[in-house]
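K.L.:
Read left to right, the sequence shown gives residues 276 to 647 (the working numbering).
Note that the Cβ used here is the ideal one computed from N, Cα and C, for glycine as well.
Below is a structure I'd like to ask you about.
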Amino acid sequence: MRILHTTPRADGFWMPAEFERHDGCLMIWPVRSDSWRSGGWPARKAFCAVASAIARSEEVTMLVDPSQYETARAMLPAAVRLVEMQTDDAWARDIGPTFVRNRNGTVRGVDWGFNAWGGLMDGLYFPWDQDNHAARKICDLYRVDCYDCRSFILEGGSIHSDGAGTVLTTERCLFSAGRNPKLTHAEIEDKLCDLLGASRVLWLPRGIYGDETNEHVDNICAFTAPGRVLLAWTENRDDPQYALSKACEDYLLQQTDACGRKLDIVHLPIPQMPVCIAKEECEELDIWDGVPTWTPGERLAASYVNFYLANDAVIVPQFGDPMDQNACEILTGEFPGREIVPIDAHEILLGGGNIHCITQQLPQGGRSGLYA
């Protein structure tokens, strides 16, 4: 593996769309006791369900703390590859590399700086050094060259690509004070274009209400095809999410993508009933630095947009809500060639994210030697 100090755009690389074919998927086994209740056992069952569903159509690699290898091996199907690696938590999307590809099919990784979603300003845990070093190790694991971009703080859940030059993100996240406060709007946009091989950045104003990542884009909006997006939505004007989603829709209706196309916007409902954490669930979480992770009754950032696109399936979070089936039907229409696999995601949501947050796709590598 080479550590590169050029940029993907200068080298002819770009971030593929998630709806393109993959060579595999990366996940991380949950261990952290202030993120995952009851010592992580309920969350591990949910992670196993997600990994098993994805493994039916693409190779899944699970990073595992050495102390958990035997447990993970016993719980996961044989098709899932285990690799011992220490991390601070289990958010593969945010701490893993963003993979880029060129016209020859060569794959490389982008190693962003990671500071736990805001560093000492408003980050969610400390230290985060093992997470910050994970992306480069993952590039080494997959034998792909790695761009050194650690001076720029960014998480994989904060960006979404159409694979054709357009990147989605949210202002609320990328302009937060704990990430890159010394950079201007124009400088951050230039960074995104250089490091993702893009020519157009769409800046959604907001994300999902209560999203502790400063409102990542992967909870609010996702491309299903070039020129077409799913937008998390509610018709309930009394729900605080309504104003946030409406602001995003108003913005998107005025925009075009990198190819000059107006965007088709498909509403994907949020759960009808707010998903809140129960008192007994809070009591089963360890306290971090003297502060509880959640308070009883706190609303969680539940969104069906936080799905994972496997090669032959859509892995869809479910919340025991009347909108569960509606969301699956909409996704069936958007991805007619893929099986819809609904998975109870409540335990993942308690950790602060969802199915998309715990997965990172590895784009089809062609002649990249991705599994050489």
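Measure the alpha-carbon distance for TYR344 versus ALA409 and round it to whole angstroms.
P.N.:
18 Å
K.L.:
Could you check if LEU645 is buried or exposed, using at least 16 other CB atoms within 10 Å of its CB as the buried criterion?
P.N.:
Confidence in LEU645 is poor, its pLDDT being 43 and thus under 50, which makes the residue's placement unreliable; the coordinate value appears in the next sentence. So LEU645 ends up on the buried side.
K.L.:
With a CB to CB cut of under 7 Å and the five nearest residues on each side skipped, what residues in its chain are close to GLU524?
P.N.:
LEU506 and ILE540
K.L.:
GLN635 and ARG368: beta carbons closer than 8 Å?
P.N.:
yes
K.L.:
Take PRO291 and list the residues in its own chain whose beta-carbon comes closer than 6 Å to its own, dropping the five residues that flank it on each side.
P.N.:
ARG376, GLY438 and PRO638
K.L.:
Under 7 Å: does the beta carbon of LEU467 sit that close to some heavy atom of the ligand GDP?
P.N.:
The ligand GDP is not part of this structure, which contains no ligands at all.
K.L.:
Where DSSP assigns a beta bridge to TRP387, which residues make up the other side?
P.N.:
DSSP output for TRP387 lists CYS424 as bridge partner(s).
K.L.:
If ILE618 and VAL325 are in contact, beta carbons under 8 Å, what's the gap, nearest whole angstrom?
P.N.:
The pair is a contact, with the Cβ atoms about 6 Å apart (cut-off 8 Å).
K.L.:
Under 8 Å, with one C-beta from each stretch per pair, do the stretch 487-503 and the stretch 559-579 reach the 3-pair mark?
P.N.:
For the pair of segments examined, the stretch 487-503 was found to touch the stretch 559-579: the number of CB pairs separated by less than 8 Å reaches three.
K.L.:
Three Cβ pairs or more, each shorter than 8 Å: is that satisfied between the stretch 626-635 and the stretch 595-607?
P.N.:
no
K.L.:
Using the beta-carbon count (16 or more within 10 Å), is PHE294 buried or exposed?
P.N.:
buried
K.L.:
Quick check on GLY641: does DSSP put it in helix, strand or coil?
P.N.:
Note that GLY641 has pLDDT 46, beneath the 50 cutoff, so the model's placement of it is unreliable and the number below is only indicative. Coil, per DSSP.
K.L.:
Taking just the CA atoms, how far does GLY608 sit from LEU543?
P.N.:
Each residue's CA atom was taken as its position, placing LEU543 and GLY608 some 12 Å apart.
K.L.:
Compute the beta-carbon to beta-carbon distance between GLY384 and CYS414, rounded to the nearest angstrom, for a pair I have assumed lies under 8 Å.
P.N.:
4 Å
K.L.:
Is the beta carbon of LEU519 sitting closer than 8 Å to the one on ARG481?
P.N.:
Contact annotation: LEU519 and ARG481 have beta-carbon atoms nearer than 8 Å.
K.L.:
What does the Cβ neighbour count give for ARG642, buried or exposed, with the cut at 16 atoms within 10 Å?
P.N.:
Summary for ARG642: the model assigns pLDDT 39, below 50, so the residue's position carries little reliability, and this model does not support an answer.
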